[in-house]
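Chains as they are written, first to last, in the working numbering: chain D, 1 to 112; chain B, 1001 to 1115.
The following block contains the structure:
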């Protein structure tokens, strides 16, 4: 049974700080990973995808993937109160996989 | 481009009834996946359809079923509702559904409450 593990938090950071969110996955064959943000009462919205080892940057967000350690992370620079949400890590599995396996999510609170 | 749409947005049913939820994917997307989200279990995969064929199914009882139409719109049905079926049901669409660069985009969800 494929698993994705996340620290449930809550993670509290002051406004302007860097928030670091982490995720580990169990399936060594997994190739594609996604970070979604979910505000309370809303549906998940895509922040970033990452498929290759290393870093991928998009604005204030940086995703990191280490396949040897089976570890994915998301860094949010210059955190804003509007970043307060639950962040979901998702594993799309290996070639031909049609489903996302989600972690339980990490709740982030950015304190003004 | 319009996003994924789901109807209805809210639904209240009683135990034993059945319910049908609808999802219209992003134009051009041919894969539709369904997920159930509850506070205890998080987001769990129900099933995925592509070109009217179910390609994968999650670990849910047979009371949960779905289908996809030729225009890629999808419906899911839950029969003999139980209290534990109360959840947010999310539909996601993607171009092909396969791993790699294919990304799933979620609709707003249908909040089902079973009394």
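Idealized CB from N, CA, C, for every residue including glycine.
Asked: Neighbour-count burial assignment, residue 1101 of chain B, 16 or more Cβ in a 10 Å radius; Found: exposed
Asked: Proximity below 8 Å, CB of residue 1016 of chain B to CB of residue 1083 of chain B; Found: no
Asked: Proximity below 8 Å, CB of residue 1071 of chain B to CB of residue 1018 of chain B; Found: no
Asked: Residues that residue 43 of chain D contacts on chain B, provided the C-beta gap is smaller than 7 Å; Found: 1090, 1106, 1107, 1108, 1109
Asked: For residue 1087 of chain B, the first and last residue of its enclosing beta strand (DSSP E); Found: 1087-1094
Asked: Chain D within 8 Å of residue 1043 of chain B, Cβ atoms only; Found: yes
Asked: Beta carbon of residue 99 of chain D nearer than 8 Å to that of residue 1052 of chain B; Found: no
Asked: Distance, residue 84 of chain D Cα to residue 70 of chain D Cα; Found: 26 Å
Asked: 8 Å Cβ cutoff, residue 49 of chain D in contact with chain B; Found: yes
Asked: Beta-carbon contacts of residue 21 of chain D that lie in its chain and below 6 Å, excluding the five residues immediately before and after; Found: 74, 87, 106
Asked: Span of the beta strand (DSSP E), counted from its first residue to its last, around residue 1082 of chain B; Found: Segment: none, residue 1082 of chain B is in no beta strand (DSSP E) and carries neither H nor E.
Asked: Under 7 Å by beta carbon: chain D residues contacting residue 1055 of chain B; Found: 98
Asked: Contacting positions in the stretch 58-84 of chain D - beta carbon closer than 9 Å to chain B; Found: none
Asked: Endpoints, beta strand (DSSP E) assigned at residue 14 of chain D; Found: 11-14
Asked: is_contact[residue 102 of chain D, chain B] using C-beta, thresh 8 Å; Found: yes
Asked: DSSP state of residue 82 of chain D mapped onto helix, strand, coil; Found: helix
Asked: Beta strand (DSSP E) segment containing residue 37 of chain D, residue limits; Found: 32-38
Asked: Which of helix, strand or coil DSSP assigns to residue 69 of chain D; Found: coil
Asked: Residue nearest to residue 1037 of chain B in terms of C-alpha spacing, selected from D:92, D:103, D:52, D:23; Found: D:103
Asked: Residue 1104 of chain B burial status per 10 Å Cβ neighbour count (16 or more: buried); Found: buried
Asked: Option nearest residue 1065 of chain B by Cα separation, candidates B:1034, B:1011, B:1073; Found: B:1034
Asked: Minimum C-alpha distance to residue 1040 of chain B - residue among B:1085, B:1011, B:1023; Found: B:1085
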